[in-house]
Amino acid sequence: MDEKKLAIIATKGTLDWGYPPFILASTAAALGYSVEIFFTFYGLQLLKKDLSHLRVSPLGNPAMPMPVPMPTLMMVLPGMEGLATSMMKSKMKAKGVASLDELRGLCLEAEVRMIACQMTVDLFEFDTADFIGGIELGGAAAFFEFAGESDVTLFI
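Going by UniProt numbering, the sequence shown opens with residue 1, and the numbers climb by one from there.
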């Protein structure tokens, strides 16, 4: 039987949107899938060595549970992004959820192939020295080669 394949396109670079690609990739790898993640546009933030700059934006995120209901207008006030980020980190820690660093490390250990979109790296003038080791630079064509044969393809 052929090995199952999971292809993920990671486009978001916030703390809350960083979890899905790494959770799904590490789980699929543990289940024996061959996994590849293509990081493009804001998703490239997830490949930086230091993830401490990642934030959660409560603005435009109506499903985010807040301890007390707040009108949307309140979400634009200074400090709300920091509050939301702090709440998310505390909740994750209290529930025993691995950090993004840990999940990303699990993906690397499980040989999840991670490709940074070369066009986006060039567009935003990223310094590849800021990225973790163990990743590749490539274009969309490199990803499509794998995704075209995948059993599951996810856009996150």
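Glycine included, each C-beta is placed from N, C-alpha and C at the ideal position.
Remember, predicted model here, so these are calculated numbers, not experimental data.
Under DSSP, T14 shares a beta bridge with no residue. The bridge partners DSSP lists for E36 are A7 and R113. If you compare the alpha carbons of L103, I156 and K49 with that of A30, the shortest gap goes to L103.
Straight through space, the alpha carbons of R55 and A7 are spaced by roughly 25 Å. In the structure shown, the three-state DSSP call for G105 is helix. Nearest neighbour of A129 by Cα position, chosen from L47, V35 and C117, turns out to be L47.
Nearest C-alpha to L108 among G148, Y42 and A25: A25.
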